[in-house]
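Numbering (UniProt numbering), first residue to last: 1 to 295. Here is the structure we will look at.
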Amino acid sequence: MKEGSTVQKRIIVGYDGSSWSDDALTWALEEAEHTGEPVELVHADEWPVLAPAASMVPSPDLSPELYVERIIESTLDRAVETARTTHPLVPLTTTTVRAHAATALIDRSRHARLLVLGGRGHSAVAGLFGSVSAAVTAHAHCPVVVIRGAQSATGPVVAGVDDTAAAPAVLVFAAEQATMLKAPLHVIHAWPPVTGIWAETPMATWTITAQEREPFDTEVTVIRDTFPNLRIEAEAVVEHPAAALTRASDGAQLLVVGSRGRGAVRGLLLGSVSQHLLRHSACPVAVVHDSLAMS
1 MKEGSTVQKR IIVGYDGSSW SDDALTWALE EAEHTGEPVE LVHADEWPVL APAASMVPSP
61 DLSPELYVER IIESTLDRAV ETARTTHPLV PLTTTTVRAH AATALIDRSR HARLLVLGGR
121 GHSAVAGLFG SVSAAVTAHA HCPVVVIRGA QSATGPVVAG VDDTAAAPAV LVFAAEQATM
181 LKAPLHVIHA WPPVTGIWAE TPMATWTITA QEREPFDTEV TVIRDTFPNL RIEAEAVVEH
241 PAAALTRASD GAQLLVVGSR GRGAVRGLLL GSVSQHLLRH SACPVAVVHD SLAMS
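So, in structure tokens, the structure goes:
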């Protein structure tokens with residue numbers, strides 16, 4: 001973390017009352033029990049956004065705005081009651097923000113160590129699969145964990161890295177998670193195979209040279225030195241990264257990857273591999289930004 005940083009050590013959960021957000025809350029509470037950090041439930045009240053269209057729909061006895069507020073309050077109260085029963089020692093607060101779900105969560109992530117989302121949700125303005133998750137993972141100011149699939153109780157933490165600036169941050173985050181979970185760390189660097197007209201030429205060796213592998217080996221060595229008690233397996237393969245990491249996610253506790261988004265259209269540049277994993281991983285996925293490599 002940069003000196004003078006104002007980031008608070010908290011875990012934020014995007015919560016909308018769906019079963020997916022319940023899973024996200026459970027994961028965050030387990031994380032908080034290990035770290036001692038407080039958890040904040042953030043609910044995006046999108047009614048002000050939808051109000052113009054909703055004005056054409058017959059309203060209940062209460063004013064629409066008050067009706068929505070009471071539903072949100074009831075939803076959060078139930079979540080807090082359950083959390084305090086299952087994890088009584090974890091400090092838990094709730095926040096309601098009047099904004100699009102993605103906008104609200106991205107803004108709150110400025111004050112978080114970690115943000116946790118369900119793989120799907122009930123956002124009224126985010127009907128397409130994964131649209132909120134994709135936007136938040138691309139724009140968030142902290143690592144984002146998207147809960148999907150099944151989390152193994154005994155499997156490894158898997159880190160998928162490449163030769164970009166995000167790799168060091170991905171490895172540190174994954175190593176910290178593996179240490180906390182007392183799990184081994186499985187690091188994978190996948191080089192896409194040669195395809196098309198070059199597939200039948202001498203260029204398609206299906207091997208990785210020592211020179212190609214050297215930066216990867218150096219990064220793994222740094223992690224081994226930093227976490228000497230952590231069991232680490234490093235694997236370099238010739239396979240499409242999306243396929244290799246999807247396969248490795250089966251039986252893993254967590255899959256950690258990087259995001260290379262940039263600039264005003266960053267949400268469109270999360271990366272095809274990360275986007276694929278957010279839809280097809282067999283376990284929860286953590287997305288760590290390259291900007292965190294310098295923090």
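Where a beta carbon is used, it is the ideal one built from N, C-alpha and C, also for glycine.
For histidine 43, no alpha helix (DSSP H) segment is defined; the enclosing uninterrupted segment is the beta strand (DSSP E) at 39-44. Out of Ala174, Val132, Ala165, His111, the CA that lies nearest to the CA of alanine 286 is found in Ala174. Ranked by how close their Cα comes to the Cα of alanine 83, the residues Ala102, Trp27, Arg213 have Trp27 in first place. A straight-line Cα-Cα distance of about 48 Å links isoleucine 208 and proline 91.
Three or more Cβ pairs drawn from the stretch 180-196 and the stretch 219-234 lie within less than 8 Å of each other, which places the two stretches in contact. Per the DSSP secondary-structure output, serine 259 pairs in a beta bridge with His289. Glycine 36 has no beta-bridge partner at all, per DSSP.
Relative to the Cα of serine 21, the nearest Cα in the group Val273, Ser133, Glu212, Gly155 belongs to Ser133. Comparing C-alpha distances from proline 228 to each of Gly160, Pro38, Glu176 shows the shortest one belongs to Glu176. Under the three-state reduction of DSSP, valine 170 is assigned to helix. Here leucine 115 really is in contact with alanine 140; their C-beta atoms are around 6 Å apart, less than 8 Å. Note that the C-beta distance between aspartate 23 and isoleucine 147 is below 8 Å. In this structure, the beta-carbon distance from alanine 178 to proline 241 does not fall below 8 Å. Using a Cβ distance threshold of 8 Å, glutamate 33 and lysine 9 do not count as a contacting pair. Straight-line spacing of the CA atoms in threonine 85 and leucine 29 works out to 11 Å. Take the alpha-carbon of glutamate 69 and the one of valine 288: they are about 34 Å apart. Comparing alpha-carbon positions, the option among Ser74, Glu40, Ile223 lying closest to valine 161 turns out to be Ile223. Inclusion of alanine 243 and valine 158 in the CB contact set at 8 Å is not warranted, their separation being larger than that value. Shown here for alanine 150: same chain residues with a beta carbon closer than 8 Å to its own, the five before and five after excluded, namely Ala282, Cys283 in chain order.
Residue state for threonine 154 is assigned as coil, using DSSP reduced to three classes.
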